[in-house]
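Chains A and B supply the protein sequences, listed in that same order.
Note that the working numbering has the first sequence beginning at 15, numbered continuously upward.
Note that the working numbering has the second sequence beginning at 16, numbered continuously upward.
Don't be surprised by glycine CBs; every beta carbon is placed ideally from N, CA and C.
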Amino acid sequence: MAKRCSLFVIAALIAIAIVRLDARRAPTGAPRASGIIRGRVELRQSSAEAAPRVSVADLGMGSMHEPPDRRSVVYLDPAPRAAFDTREEPRPRLDQRNETFVPHVLPIVAGTTVDFPNNDQTYHNVFSLSKTKTFDLGRYAVGRSKSVRFDRPGIVRVFCDIHSHMSAFILVFAHRYFALSESDGTYRLENVPPGTYTVVAWNESAPLESRRVVVPDAGGEVEVNFALGRR
Amino acid sequence: MLKSHATRSLLLLAVLIGAAPHAARAQALPEGPVQAFDGKVALGAEVIATGGNADDVAFFNYTDYEHNALRMFRMGVSGVYRPATWLSFVGELRSEDLESPTPYAAYVRVRPWRHRLFDIQAGRIPPVFGSFGRRQYETGNPVIGYPLAYQYLTSLRPDAIPATADDVLRMRSRGWRSSFPIGSPLPAPGVPLISGFQWDTGVEMTWKAGMVELAGSVTNGTLSNPRFTDDNDGKQLAARVGVTPAVGLILGASAARGAWLSRTVAPDSQPAQESFGADAEYSRDHWIVRWELVWSRWGFPHPLLPSDTNTLDAVGTWVEGRYRVSPRIFLAGRADRLGFSTLYGATIGQSGLPWDAPVRRVEGSIGYYVQRNFVVRTSVQGNWRDAGRDRNRTYLSGQLVYWF
């Protein structure tokens, strides 16, 4: 009898703990309005063009390439519970065009499969030696595509084994509360449940920066701006 | 002296590490070139440490710099200054085995028309001939050793020449330290078919349109004896045509001709080194396969009696390949052969002998990418020669390659 009572007490305590934890993430009550976190990520230092390996053995300058579009990614850390809801989204692509990866920065949710189509006039050999995901797609012809599934959260640096100036970043998140900044640096995180969060801004050329932000119960917009890099 | 060389080289290494960009320092090692002035200046570096068993008997892997290609510590700093989109200044300083850094490349690059792939380069320039000479950075070389045509020392020297065929035949397999009766009396290393360790000085032009690339150059030295200053008033003309008929397939043909002997041994004539080359590369999936052939003929101011010829020929050909087993591991190999034309002597080789001892080489290698720009590899190289004190040798070597 005493044993049964003990088990009951333990079960009750666990249940209370779960309810409290859940309440901390998403308070009970009537459905609350979700908020929007928006703002701008400014890069203090000029973002130098990604240079190829200095090769003195070339017979010429080669083709001119567009500098990569070094955008920032803003995300919540940790994310609200709703972030882990599954949602069907189109399969992202990391294209190879004019000896450039397009886009240069691709944020995705863990479990996503990314296509790597070769839409260039030459071979490419897409690979990554990142701890998050190591892969080598080999050389494949123009018009063909290969794909890779990313299961672990983290940062994946992608390169071309033939063209040293080609690089890209795939940021794999465990949730979907992230946003890629626009070309002017603005970003927008939508459907954020009320609560207190840490908002983090990432850019390849600067250290991470984070801010504490509160999304009120009434929802609405919260502005958080970042200035990354050295002053 | 060595100490001062070592100090200078270590200083160079310290500068390299110190120059690493701040963002990259967070990682284990920098991954890209250092940039300054809004990308107008870019600095890169390469450090290669190669170790293996000694080669001071057979000299299969000695270079025209008297270094062993399989036991070499090399550091290089390369830089580009691009004041305008159409103009660049390019250079590289190298130090081998902790000796004083020397300029390996130093040239200006001009693109006269913005939308045409036509470039002019002047100074100490990369070779237009063949294929291997422009991808000799260690990561472009699938194995640790070099192709025989680019490294193996024949007995021929630009500053000392034979009087007879017997003088040539007596030096078979002694290219690491040959001597001849005319010219410099001191024994010295001979020349390879093409020097893979120093570049020539002159002007070159490259034009690319669609699947065709044309390149031509005028330089002071020759393929086997590149020079900073001219020593015989004769220039070398070289040209290459490259075609890419399909994605992944590159075919090339090259030719070169230039006076190769110093005026001290040929004051009244300009005997030439003439060369023809062919190369092919095919890659697909995780494979890359290359083939190259170099034929070379050296002229002399007089016949090499009792033969009636005043030229000596050599042919080097090899096939090499690399297969990436996994993202980090690759296997590579090369099969190589160097042959020589037949020469008839009075006391040696009356019935005819190749004027230098033919060499065959096979090398297999396995490599591991620690990171994209940091490779560790090991290789086994077998060598067979038809003459000499030591005719067969196998070398085991290991190498660390790091670049940014």
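Next on the checklist: With three or more beta-carbon pairs closer than 8 Å as the criterion, would you say the region 281-296 of chain B touches the region 120-137 of chain B?
Outcome noted: no
Item to check | Length of the line joining the Cα atoms of ARG225/A and VAL236/A | outcome: Counting from 1 along the first sequence, the entry for residue 225/A is found at position 211. Counting from 1 along the first sequence, the entry for residue 236/A is found at position 222. Approximately 12 Å, taken between the alpha carbons.
Item to check | Residue-chain proximity (ASP150/A, chain B), Cβ-Cβ < 7 Å | outcome: Residue 150/A sits at position 136 when you count from the first residue of the first sequence. Output row for ASP150/A: interface = yes.
Next on the checklist: So with CB distances below 9 Å, who are the chain B contacts of THR136/A?
Outcome noted: Looking up residue 136/A in the first sequence gives position 122. Residues of chain B passing the Cβ test: THR259, VAL262 and GLY263.
Checklist entry - Can you tell me where the beta strand (DSSP E) with VAL238/A in it begins and where it stops? => result Taking the first sequence and counting its residues from 1, the one referred to as residue 238/A is at position 224. Careful: VAL238/A lies outside any beta strand (DSSP E) and carries neither H nor E.
Checklist entry - Quick one: is ARG111/A near chain B, going by C-beta distance under 7 Å? => result On the first sequence, residue 111/A is found 97 positions in, with the first residue counted as 1. No, ARG111/A does not count as interfacial toward chain B.
Checklist entry - CB-CB under 7 Å to TYR297/B, same chain, minus the five flanking residues each way: which ones, in chain order? => result For the purposes of this step, residue 297/B is identified with residue 282 of the second sequence, where counting begins at 1. These residues qualify, in order along the chain: GLY263, LEU264 and VAL304.
Checklist entry - Going by DSSP, what residues sit across from ILE434/B in a beta bridge? => result Summary: the structure shown does not reach residue 434/B, with chain B confined to residues 16 through 419, and so no result is reported for it.
Item to check | Interface residues of chain A facing LEU58/B [CB-CB closer than 8 Å] | outcome: Translated into positions along the second sequence, residue 58/B becomes position 43. Simply VAL68.
Checklist entry - Is the Cβ-Cβ distance between ASP140/A and GLY168/A less than 7 Å? => result Stepping through the first sequence from its first residue, residue 140/A is reached at position 126. Stepping through the first sequence from its first residue, residue 168/A is reached at position 154. Checking the displayed sequence, the identity of residue 140/A turns out to be Val instead of Asp. No; because the gap between Cβ atoms is not below 7 Å, this pair is not in contact.
Next on the checklist: Quick check on this structure: which residue in PRO321/B, TRP222/B, ALA347/B and GLN50/B has the alpha carbon closest to the alpha carbon of ASP181/B?
Outcome noted: Against the second sequence, residue 181/B aligns to sequence position 166. Per the Cα distances, PRO321/B.
Next on the checklist: Taking DSSP's pairing of strands, which residues face TYR297/B in a bridge?
Outcome noted: In the second sequence, residue 297/B corresponds to position 282, counting from 1. Answer is LEU264/B and VAL304/B.
Checklist entry - By a C-beta neighbour count over all protein chains shown, 10 Å radius and 16 as the cutoff for buried, is PRO230/A buried or exposed? => result Taking the first sequence and counting its residues from 1, the one referred to as residue 230/A is at position 216. The residue is exposed, with fewer than 16 neighbouring Cβ atoms inside 10 Å.
Checklist entry - Which one or two residues does DSSP pair with ASP109/A in a beta bridge? => result As a first step, residue 109/A is located in the first sequence; it is residue number 95 there, counting from the start. Beta-bridge annotation (DSSP): ASP109/A is paired with VAL116/A.
Checklist entry - Mind listing which residues of the region 79-100 of chain B have their C-beta closer than 7 Å to chain A's C-betas, in chain order? => result SER93, GLY94 and VAL95
Item to check | DSSP state of GLN42/B mapped onto helix, strand, coil | outcome: Numbered from 1 along the second sequence, position 27 holds the residue referred to as residue 42/B. In this prediction, GLN42/B scores a pLDDT of 45, lower than 50, which makes its location untrustworthy; the coordinate-derived value is nonetheless stated afterwards. DSSP places GLN42/B in coil when its eight states are reduced to three.
Item to check | Integer Cβ distance of LEU168/B from ASP79/B, believed to fall under 8 Å | outcome: To locate residue 168/B, count along the second sequence from 1; it is residue 153. To locate residue 79/B, count along the second sequence from 1; it is residue 64. With 8 Å as the limit, LEU168/B and ASP79/B qualify as a contact, their Cβ atoms being about 6 Å apart.
Item to check | Interface positions of the region 71-85 of chain A facing chain B (Cβ-Cβ less than 8 Å), listed along the chain | outcome: ALA71, ASP72, LEU73, GLY74, MET75, GLY76, SER77 and MET78
Checklist entry - What residues in the region 168-193 of chain A bring their beta carbon closer than 7 Å to a beta carbon of chain B? => result PHE173
Item to check | 7 Å Cβ cutoff, SER298/B in contact with chain A | outcome: Counting from 1 along the second sequence, the entry for residue 298/B is found at position 283. Yes - at least one Cβ of chain A is within 7 Å of the one on SER298/B.
Checklist entry - What three-state label does DSSP hand TYR417/B in the structure shown? => result Your numbering for residue 417/B matches position 402 in the second sequence. In this structure, TYR417/B counts as strand in the three-state DSSP scheme.
Item to check | Where PHE141/A meets chain B, residues with beta-carbon distance less than 7 Å | outcome: Counting from one through the first sequence, the residue named residue 141/A turns up at place 127. Here the neighbours are PRO342.
Item to check | Coil, strand or helix - GLN251/B by DSSP | outcome: Your numbering for residue 251/B matches position 236 in the second sequence. Three-state DSSP puts GLN251/B in a strand.
Next on the checklist: Does any residue of chain B have a CB that is nearer than 7 Å to the CB of ARG226/A?
Outcome noted: Residue 226/A sits at position 212 when you count from the first residue of the first sequence. It does not: the Cβ of ARG226/A has no partner Cβ on chain B nearer than 7 Å.
Checklist entry - Would DSSP call ARG187/B helix, strand or coil? => result Within the second sequence, residue 187/B is the residue found at index 172, counting from 1. Coil, per DSSP.
Checklist entry - Taking only beta-carbon atoms, is VAL416/B less than 7 Å away from chain A? => result In the second sequence, the residue the question calls residue 416/B occupies position 401. No, VAL416/B lies away from the interface with chain A (no Cβ there is under 7 Å from its Cβ).
Checklist entry - If we ignore side chains and look at the alpha-carbon of each, how far apart do ILE344/B and TYR383/B end up? => result Position 329 of the second sequence, counted from the first residue, corresponds to residue 344/B. Position 368 of the second sequence, counted from the first residue, corresponds to residue 383/B. When rounded, the distance between both Cα atoms is 5 Å.
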